[in-house]
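In order, the protein sequences belong to chains V and Y.
Counting with this note's numbering, you get residues 19 to 274 for the letters of the first sequence.
Counting with this note's numbering, you get residues 19 to 274 for the letters of the second sequence.
2 protein chains.
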Amino acid sequence: MSKREETGEIRILPLPVVGEIRAGASLSAKLVAAAKSARLRFQDGDILVVKHKVVSKAEGALVALDEVHPSVSSRAWGRRFGVDARVTELALRQSRRVVRRKRGVLITETRHGFVCANSGVDVSNVDGGQHAVLLPENPDRSAGRLRAEIKKQLGVRIAVIVSDSFGRPWREGLTEVAIGVAGMRPLIDYRGRRDLHGYSLHATVDAVADELACAAGLVCGKLAGTPACIIRGFSYRMRNGSGRELIRPAKHDLFR
Amino acid sequence: MSKREETGEIRILPLPVVGEIRAGASLSAKLVAAAKSARLRFQDGDILVVKHKVVSKAEGALVALDEVHPSVSSRAWGRRFGVDARVTELALRQSRRVVRRKRGVLITETRHGFVCANSGVDVSNVDGGQHAVLLPENPDRSAGRLRAEIKKQLGVRIAVIVSDSFGRPWREGLTEVAIGVAGMRPLIDYRGRRDLHGYSLHATVDAVADELACAAGLVCGKLAGTPACIIRGFSYRMRNGSGRELIRPAKHDLFR
């Protein structure tokens, strides 16, 4: 980690994207165009944060809800709690394990290992019909691809975070988390380093990729047509990293 | 909530504070001086985010570890897991309830209702001796006081967030959370609003105060001597709010 102690101002620069993202679209070309329209230039060291929804759409990770036939159990659940049984069905299919299923809330562990509501399955209008948007198949690969394409198109070396909004126990409201990461480590480990008084900071590992995703969430609003932003001024070492590093292994987790 | 959709650039402006914060110090005066040194002026609508540790120090929420006499059970726990039994003892005294106590990790519900490790008790060198820094007695009141004092000193109306770093289940690393809030609502409720396609966004309440705390965490580093920052450009309605709104009531929580 380079000298985070010397961090100056950080800027969060929104990238509004015009029009719908369709399956097969080049998301990187759209984002480069969005930057140009906003009179921004990507710079070395920038961190691009992209909401997973546009990544999934560009990758075609969509399911037409009409074509989902929910099981008897999903239908019963849907009726009981007034939720769409097709979404429940898809959420179960996308899951590795059900963590909690109570009072209409379905919390699952996704195939990737993320613990979130409904396996991250989201509903959206696409091409006039109702579709479910799934999580990207491999969010790290999605992030890595965006990073490589920006490098190719513009010659700049950036880091990329693909984010989603997750709930969490004990606290109200959703916050953004990093589900895919490329070009940086998502965690900064302060253990063994010393504070200004020489006191060892023994227990602090910061989930900086999640903090960056949250910062991005301040401009990538739910209604905004702003699915991405550039974070500039955050100092990090460019290296390989993965969103999977943020997933606590089951054996270290007190809550599963 | 005012038009978050139209949010432009957001800036995170660090406020490095010189020297130690002592009990009884005017934190607002220190922060105003820090802004001046950094050639920043507080502006109406700014959000001041302050790490709780300096708030606690200024308020004298400190305990000399020498004066803490751990119980037999805390001593056994400390020996078994190589942790300071005095910190364990204080954490238990500051708690309302133990949530998990396993493998050396003590997760409690604090008197305020926050669920976190060791009741938020932190160790720091103060005046050459080892002290435990407790959470502020009433973080909302601390935030409100800073807000009122900045208003009085500079005539500007800002919002204030007092933050701490919490762990969370399922995910590695700490992220910042808002424990005290003044001058804004910590949650934005999108339920019933519609997305660009008219699809109802039925389940999204965003914990913006936590996202703002995380954004601040990018500059308020653990080693930085930067206990506070200004976030500028985030659009919100100025009104009363409380960090307690972010605490999920036990009866709605699937995890307690």
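No residue lacks a Cβ here, since even glycine has one placed at the ideal position from N, Cα and C.
Give me the chain V residues within the contact set of residue i, using Cβ-Cβ distance strictly less than 7 Å, ordered along the chain.
{"i": "G26(Y)", "result": "P32"}
{"i": "R165(Y)", "result": "What R165(Y) touches in chain V: nothing, since even the nearest Cβ is about 20 Å away."}
{"i": "R29(Y)", "result": "E27, R29"}
{"i": "E225(Y)", "result": "For the sequence presented, residue 225(Y) should be read as Ala rather than Glu. Correct list: R189, E190, G191, L192, T193."}
Go to residue i, then tell me how far its alpha helix (DSSP H) extends in each direction, as first and last residue.
{"i": "G162(V)", "result": "157-172"}
{"i": "R97(V)", "result": "90-99"}
{"i": "D228(Y)", "result": "226-235"}
{"i": "V72(V)", "result": "70-76"}
Residue i lies in the beta strand (DSSP E); which residues open and close that run?
{"i": "S44(V)", "result": "No beta strand (DSSP E) holds S44(V); DSSP gives it neither H nor E."}
{"i": "A268(Y)", "result": "Note, A268(Y): premise wrong, no beta strand (DSSP E); not H, not E."}
{"i": "L110(V)", "result": "Here L110(V) belongs to no beta strand (DSSP E); instead the alpha helix (DSSP H) covers 103-111."}
{"i": "A135(Y)", "result": "133-135"}
{"i": "V86(V)", "result": "Counting along the chain, V86(V) falls outside any beta strand (DSSP E), and DSSP gives it neither H nor E."}
{"i": "I197(V)", "result": "193-200"}
{"i": "P32(V)", "result": "28-33"}
Would you report the Cα separation of residue i and residue j, rounded to the nearest angstrom?
{"i": "F99(V)", "j": "E263(V)", "result": "35 Å"}
{"i": "R266(V)", "j": "F132(Y)", "result": "21 Å"}
{"i": "L236(Y)", "j": "I249(Y)", "result": "11 Å"}
{"i": "A246(V)", "j": "A94(Y)", "result": "50 Å"}
{"i": "L33(V)", "j": "A103(V)", "result": "35 Å"}
{"i": "M284(V)", "j": "R165(V)", "result": "One cannot answer for residue 284(V) here, as it falls past the ends of chain V, which runs 19 to 274."}
{"i": "D140(V)", "j": "V105(V)", "result": "8 Å"}
{"i": "G173(Y)", "j": "Q61(Y)", "result": "9 Å"}
{"i": "A196(Y)", "j": "I179(Y)", "result": "6 Å"}
{"i": "E107(V)", "j": "G96(V)", "result": "9 Å"}
{"i": "R22(V)", "j": "V35(Y)", "result": "Only weak support is given to the placement of R22(V): the predicted model assigns it a pLDDT of 41, under 50, and the value that follows is read from those uncertain coordinates. The straight-line gap from Cα to Cα measures roughly 16 Å."}
{"i": "E167(Y)", "j": "A150(Y)", "result": "27 Å"}
{"i": "H220(Y)", "j": "D158(Y)", "result": "Note that H220(Y) scores 48 on pLDDT, short of 50, meaning its location in the model is unreliable and no value can be drawn from it."}
{"i": "C238(Y)", "j": "G243(V)", "result": "30 Å"}
{"i": "R119(Y)", "j": "L272(V)", "result": "9 Å"}
{"i": "E38(Y)", "j": "L45(Y)", "result": "11 Å"}
{"i": "S142(V)", "j": "L31(Y)", "result": "36 Å"}
{"i": "H306(Y)", "j": "F252(Y)", "result": "The structure shown has nothing for residue 306(Y), since chain Y only spans 19 to 274."}
{"i": "Y254(V)", "j": "R29(V)", "result": "15 Å"}
{"i": "P204(V)", "j": "V101(Y)", "result": "27 Å"}
{"i": "F184(Y)", "j": "E85(V)", "result": "42 Å"}
{"i": "R59(V)", "j": "A53(V)", "result": "6 Å"}
{"i": "N258(Y)", "j": "A47(V)", "result": "43 Å"}
{"i": "S91(Y)", "j": "A41(Y)", "result": "32 Å"}
{"i": "A51(Y)", "j": "N156(Y)", "result": "25 Å"}
{"i": "R209(V)", "j": "M256(V)", "result": "20 Å"}
{"i": "E24(Y)", "j": "S55(V)", "result": "Residue confidence is low: E24(Y) scores 47 on pLDDT, short of 50, so the model does not pin down where it sits. No coordinate-derived value is stated."}
{"i": "Q148(V)", "j": "E77(Y)", "result": "54 Å"}
How would you list, in chain order, the residues of chain V whose beta-carbon sits under 8 Å from the beta-carbon of residue i?
{"i": "P187(Y)", "result": "V133, R186, P187, R266, D271, L272, F273, R274"}
Compare the beta carbon distance of residue i and residue j with 8 Å and say whether it is the shorter of the two.
{"i": "P154(Y)", "j": "A79(Y)", "result": "yes"}
{"i": "L230(Y)", "j": "A225(V)", "result": "no"}
{"i": "Q112(V)", "j": "S89(V)", "result": "no"}
{"i": "A66(V)", "j": "I176(V)", "result": "Looking at the sequence shown, residue 66(V) is not Ala but Leu. In contact: L66(V) and I176(V) (Cβ atoms closer than 8 Å)."}
{"i": "V123(Y)", "j": "A109(Y)", "result": "no"}
{"i": "S160(Y)", "j": "V73(Y)", "result": "yes"}
{"i": "G162(V)", "j": "G261(V)", "result": "no"}
Closest to residue i by C-alpha separation, out of the options, would be which residue?
{"i": "R186(Y)", "options": "R29(Y), A233(Y), T126(Y), N156(Y)", "result": "T126(Y)"}
{"i": "R57(V)", "options": "K71(Y), A76(Y), K75(Y), E27(Y)", "result": "E27(Y)"}
{"i": "A43(Y)", "options": "T128(Y), I179(Y), V151(Y), K75(Y)", "result": "K75(Y)"}
{"i": "A234(Y)", "options": "S46(Y), D64(Y), R40(Y), L45(Y)", "result": "D64(Y)"}
{"i": "V223(V)", "options": "E77(Y), R189(Y), K69(Y), S160(Y)", "result": "R189(Y)"}
{"i": "K69(Y)", "options": "S181(Y), D271(Y), S91(Y)", "result": "S181(Y)"}
{"i": "D207(V)", "options": "S55(V), R114(V), A227(V)", "result": "A227(V)"}
{"i": "A268(V)", "options": "V117(V), L45(V), S55(V), I39(V)", "result": "V117(V)"}
{"i": "L152(Y)", "options": "C232(Y), Q171(Y), K170(Y), R129(Y)", "result": "R129(Y)"}
{"i": "A200(Y)", "options": "S183(Y), R209(Y), F184(Y), K169(Y)", "result": "K169(Y)"}
{"i": "C232(Y)", "options": "N258(Y), E194(Y), R209(Y)", "result": "E194(Y)"}
Please list the partners that residue i has in chain Y, where partner means a Cβ-to-Cβ separation under 7 Å.
{"i": "K120(V)", "result": "L272"}
{"i": "E107(V)", "result": "Under the 7 Å cutoff, chain Y gives no residues; its nearest Cβ is about 17 Å from E107(V)."}
{"i": "D102(V)", "result": "The contacting residues do not exist; D102(V) stays about 10 Å from chain Y at best."}
{"i": "L205(V)", "result": "E190, G191"}
Can you pull the chain Y residues whose beta carbon is under 8 Å from the beta carbon of residue i, in chain order?
{"i": "V123(V)", "result": "L272"}
{"i": "F252(V)", "result": "L236"}
{"i": "L110(V)", "result": "Neighbours of L110(V) on chain Y: none; closest Cβ ~17 Å, over 8 Å."}
{"i": "A195(V)", "result": "The sequence given here places Val at residue 195(V); Ala does not occur at that position. In chain order: R189."}
{"i": "A82(V)", "result": "Within chain Y, no residue comes near A82(V); the closest Cβ sits about 15 Å away, beyond 8 Å."}
Would you mind telling me which residues of chain V sit closer than 9 Å to residue i, beta carbon to beta carbon, in chain order?
{"i": "A230(Y)", "result": "The residue you asked about is not Ala; residue 230(Y) is Leu in the sequence shown. Per Cβ cutoff of 9 Å: C232, A233, L236."}
Less than 7 Å between the CB of residue i and some heavy atom of the ligand HEM, yes or no?
{"i": "T222(V)", "result": "The ligand content of the structure shown is nil, which means the ligand HEM is not present either."}
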